[in-house]
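Enquirer: Under the numbering used here, the first residue of the first sequence is numbered 8, with each subsequent residue one higher.
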Amino acid sequence: MDYKKLIARCVRVGGLDADALYDDIVYGQSADAGDYALPLFKYAKRLGKSPADLAKAAADSFVADEFIERCAPVGGYVNFYLKRAAAASDVLKTVAARGQNFAPAKRVNKTICIDYSSINIAKPFHIGHLLTTVIGGSLYRIAAFLGYDVIGINHLGDWGTQFGKLVCAYKKWGNDADIERRGIRSLLELYVRFHAEAENDKSLEDEGRRWFKRIEDGDADALKIFSKFKEVTLRDVDKVYNTLGVRFDSYNGESFYNDKLDAVTRSLKAKGLLTESDGAEVVDLSEFGMPPCLIRKSDGASLYATRDLAAAVYRKKTYNFDKCLYVVAYQQNLHFKQVFKVLELMGYPWAGDCEHVPFGMVSLENSGALSTRKGNVVFLEDVLETSVQKTRGIIESKNPALPDKESVAKAVGVGAVIFFALSTSRIKDTVFSYDKALNFDGETAPYIQYTHARCCSILEKCVGGNDAGADFNGLCDDAGFGVVKLLARFDETVAAAWEKYEPSILARYLIDLCQVFNKFYIDHKVAGNPERVLLTRCVRDVIKNGLSLLLIEAPNKM
RNA sequence: GCGCCUAUAGUGUAACGGAUAACACUUUGGUCUUCGGAACCAACAUUGAGGGUUCGAAUCCUUCUGGGCGCGCCA
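(1) Please state if the CB of ALA486 and the CB of THR451 are separated by a distance shorter than 9 Å.
(2) Looking at GLU288 and LEU163, is the spacing between their C-beta atoms short of 9 Å?
(3) Can you give, in chain order, each stretch of the beta strand (DSSP E) that sits fully within the segment 384-459 and has at least 3 residues?
(4) Excluding five sequence neighbours on each side, which residues of the same chain lie with their C-beta closer than 8 Å to the C-beta of TYR454?
(5) Starting from LEU173, follow its DSSP beta bridges and name the residues at the other end.
(6) Measure the alpha-carbon distance for THR398 versus LEU445 and round it to whole angstroms.
(7) Going by C-alpha to C-alpha distance, which of MET565, TYR88 and HIS136 sits closest to LYS412?
(8) Give me the residue from THR101, LEU513 and LYS532 with the minimum Cα distance to ALA502.
(9) Taking DSSP's pairing of strands, which residues face LEU122 in a bridge?
(10) Contact between the segment 414-429 and the segment 387-401 is defined here as three or more beta-carbon pairs at a separation below 8 Å; is this criterion met?
(11) Could you check if ALA59 belongs to the surroundings of the ligand COA, using beta carbon to heavy atom distance under 8 Å?
(12) In the structure shown, what three-state DSSP assignment does LEU23 receive?
(13) Answer with buried or exposed for ASN86, where buried requires no fewer than 16 other C-beta atoms within 10 angstroms of its C-beta.
(14) Pick out the complete alpha helix (DSSP H) segments inside the segment 455-543, 4 residues or longer, and give them in chain order.
(15) Could you tell me if GLN345 is buried or exposed, where buried requires 16 or more neighbouring beta carbons within 10 angstroms of its beta carbon?
(16) Mind reading off the beta-carbon distance from LYS172 to GLY215? Whole number of angstroms is fine, and I expect it under 8 Å.
(17) Which runs of the alpha helix (DSSP H), 4 residues or longer, sit entirely within the segment 190-256?
(18) According to DSSP, GLU560 sits in a beta bridge with which residue or residues?
(19) Per DSSP, what kind of secondary structure is ASN127 in: helix, strand or coil?
(20) Express the C-alpha separation of SER432 and ARG496 in angstroms, rounding to a whole number.
(21) Expressed to the nearest angstrom, what Euclidean distance is found between the alpha-carbon atoms of THR458 and PHE109?
(22) Measuring straight from C-alpha to C-alpha, what distance separates LEU493 and VAL335?
(23) Quick one: what does DSSP say PHE366 is sitting in, helix, strand or coil?
(24) So the alpha helix (DSSP H) PRO58 belongs to, where does it begin and stop?
(25) With distance defined between alpha-carbon atoms, name the residue in GLU238, ARG242 and PHE170 nearest to ASP213.
(26) Tell me PHE87's beta-bridge partners as DSSP assigns them.
(27) How far does the beta strand (DSSP E) with GLU351 in it reach, from first residue to last?
(28) Between GLY390 and TYR441, what straight-line distance do the alpha-carbon atoms span, to the nearest angstrom?
(29) Between CYS120, GLY535 and LEU482, which has its C-alpha nearest ARG322's C-alpha?
(30) Exposed or buried, PRO510, counting other C-beta atoms within 10 Å across all chains shown (16 or more means buried)?
(31) Between the Cα of LEU47 and those of SER125, ALA561, PRO80 and VAL244, spot the shortest distance and give me the residue it belongs to.
(32) May I have the straight-line CA-CA distance separating SER309 from SER284, to the nearest angstrom?
(33) Identify whether ALA38 lies in helix, strand or coil by the three-state DSSP scheme.
(34) Could you check the C-alpha separation between ARG192 and VAL549 for me, to the nearest Å?
(35) Could you give the residue range of the alpha helix (DSSP H) that holds LEU301?
(36) Any contact between the segment 464-484 and the segment 534-553? By contact I mean 3 or more CB pairs, one from each, below 8 Å.
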């Protein structure tokens, strides 16, 4: 189904072989300009002919094959036209053969670790975590679909003085019943109150530090309280993870590496990488144009980088990954550059397999930056629930007789929020507003889901029809064949999304597919035309499987 | 100060260095019980500024401007 390959072989350009031409072939800009095009400008100088002459010569050498009908030189381009009926038959039968649930590719025997979501204990799971969670979750599914073995890692933020403060606050004002009932929200209130009271009472800070020391030293009372916080937090966030459909194979967070830090510092020392600076120990990176990487504070305590080094080493040892991705906001660009460089300096040949997958910031429309300390946060749970609530309202007004309303409301409401996060390039900053995140018109998940439901509904009315009578000449107009061409690009789109770690590429593709199908649908009666029924089935299945790679469900009715 | 990222219709975004820069929202007008109107059609309006490379630049290089982020004991 890779027509580019066929095209590269069906013309001759100088003495160039097909492989060289393959990479040059582009998709046609419009139906008139052909399905594919081969620009020849870059060869003009080398071959001593004008691009137009090259195009003419190439067109003269053209030999038609099973799927390529003809070509035409236009300026420095050769435009190629597919045999539409043959290609439509080929594409649709190939897609249909995959069944309703596309099987993942054959295992490639490579392991990918994806570090994503990585929430903090006792901190709210807010919209700031939305991007890392859904980008990571989507990449997880895409990698699995492409045949990789995937390990999802939630690198919990479960270590630091802040937890001493929290235990301290709990000792003073904590209420078990309230924590049991309201979970993280109750813990957050303790945290906010601590900072408010510490404004006036400086001794609180010291007391918080002492409590953290007790956690570090393994004090039973402190540890018990702390693990309770952890349990409460995980219970709360699991609800959201279930709603979003993401999963993790490991919850090894910062505290997990406590006993693995000394080995790292010893190794750094043995390799002569550690230097003393203002009482702290650092790896000097000035040679590489970077500030030093702090390994040990002057009081002997370890730092963020120390933990990430230990974690990378541990992951390599445990999973023997071929790639380790860190789906973390771009604020930490420098941090990861440093950590990866230090791994390289330590002599680990796999240092280059670690890759930071950065994404932009989320800010609030009116109140600006998020601040946990001030309690200025929007809970992701609330956003999702609001969206589901809005969907319930729409269903009541449009389709009150819909069966299984609640699960449809969930699929559509949650899908809208996920798509909001996944539909644009990772690196762009996002201003969160309910209006935009809960938009159901235009380029949104509900639009895609609606198209899917429409396909399902059409097909329900066409049961019994079989493909035997399909006349693929019925899909040879621009509208029908436009849908066919997009269907043919599903796999390369998924591959591109993985290549760039950009779920948005797949999101855009699905929007495009729905747009061309909806246009086709408006003036092509499907019922009674076996080839159109087949086309509709393929669209339905590609949408459903594509959405699934974006963590979005596709109900049959909505 | 140094480093990284970013700039595209009123708004939000898209475009392997390829042909006339696309899609959506908003606004206005239209399709009027159709195999699902959460749809479709039409109109309106765009590459921050200057240089350079190239047959060809939104895309690459460079200077400037605006915005964001980061730069030793937080994570």
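Just so it is clear, CB atoms sit at the ideal spot from N, CA and C, and this is done for glycine as well.
Quick caveat: nothing in here was measured; it's all calculated off a predicted structure.
Expert: Quick answer:
(1) Going by C-beta atoms, THR451 is not nearer than 9 Å to ALA486.
(2) With respect to the 9 Å criterion, LEU163 and GLU288 are not classified as neighbours on the basis of their beta carbons.
(3) As far as the segment 384-459 is concerned, its whole beta strand (DSSP E) runs of at least 3 residues are 437-439.
(4) If we look at TYR454 and ignore the five residues flanking it on each side, its Cβ neighbours are PHE447, ASP448, ILE518 and CYS521.
(5) Its beta-bridge partners do not exist; DSSP assigns none.
(6) When rounded, the distance between both Cα atoms is 9 Å.
(7) The residue among MET565, TYR88 and HIS136 with its C-alpha nearest the C-alpha of LYS412 is MET565.
(8) In terms of Cα proximity to ALA502, the closest of THR101, LEU513 and LYS532 is LEU513.
(9) The question names Leu, but residue 122 is Asp in the sequence shown. Residue pairing of ASP122 in beta bridges, as defined by DSSP: ILE160 and TYR333.
(10) The segment 414-429 makes contact with the segment 387-401: 3 or more CB pairs, one atom from each, lie closer than 8 Å.
(11) Absence of the ligand COA from the depicted structure is noted, as is the absence of any ligand whatsoever, leaving it without description.
(12) Reduced to three states, the DSSP call for LEU23 is coil.
(13) ASN86 sits buried, since 16 or more C-beta atoms from the chains shown fall within 10 Å of its C-beta.
(14) Whole alpha helix (DSSP H) segments, 4+ residues: 485-494, 497-506 and 510-529.
(15) Buried.
(16) Yes, LYS172 and GLY215 are in contact; Cβ-Cβ is about 4 Å, under 8 Å.
(17) The qualifying runs are 191-205, 210-223 and 227-251.
(18) Paired residue(s): none; GLU560 is not in a bridge.
(19) In this structure, ASN127 counts as strand in the three-state DSSP scheme.
(20) Distance between the alpha carbons of ARG496 and SER432: 20 Å.
(21) Rounded to whole angstroms, THR458 to PHE109 spans 19 Å at the Cα level.
(22) Note on geometry: alpha-carbon atoms of LEU493 and VAL335 lie some 32 Å from one another.
(23) Annotated three-state conformation of PHE366 is coil, per DSSP.
(24) Taken as a continuous stretch (DSSP letters only), the alpha helix (DSSP H) holding PRO58 covers 58-67.
(25) Residue PHE170 is the option with its Cα nearest to ASP213.
(26) In DSSP, PHE87 forms a bridge with TYR43 and CYS78.
(27) Per DSSP, GLU351 belongs to no beta strand (DSSP E); it is in the alpha helix (DSSP H), 340-352.
(28) In the sequence as displayed, the identity of residue 390 is Val instead of Gly. Roughly 8 Å separates the two Cα atoms.
(29) In terms of CA proximity to ARG322, CYS120 leads the group CYS120, GLY535 and LEU482.
(30) Per the 10 Å Cβ criterion, buried.
(31) Closest option to LEU47, Cα to Cα, is PRO80.
(32) Separation of SER309 and SER284 (C-alpha to C-alpha, rounded to the nearest whole angstrom) is 15 Å.
(33) ALA38 sits in coil when the DSSP states are folded into three classes, being neither helix nor strand.
(34) Going by C-alpha positions, ARG192 is about 40 Å away from VAL549.
(35) Here LEU301 belongs to no alpha helix (DSSP H); instead the beta strand (DSSP E) covers 300-303.
(36) Flag = yes, the segment 464-484 and the segment 534-553 touch.
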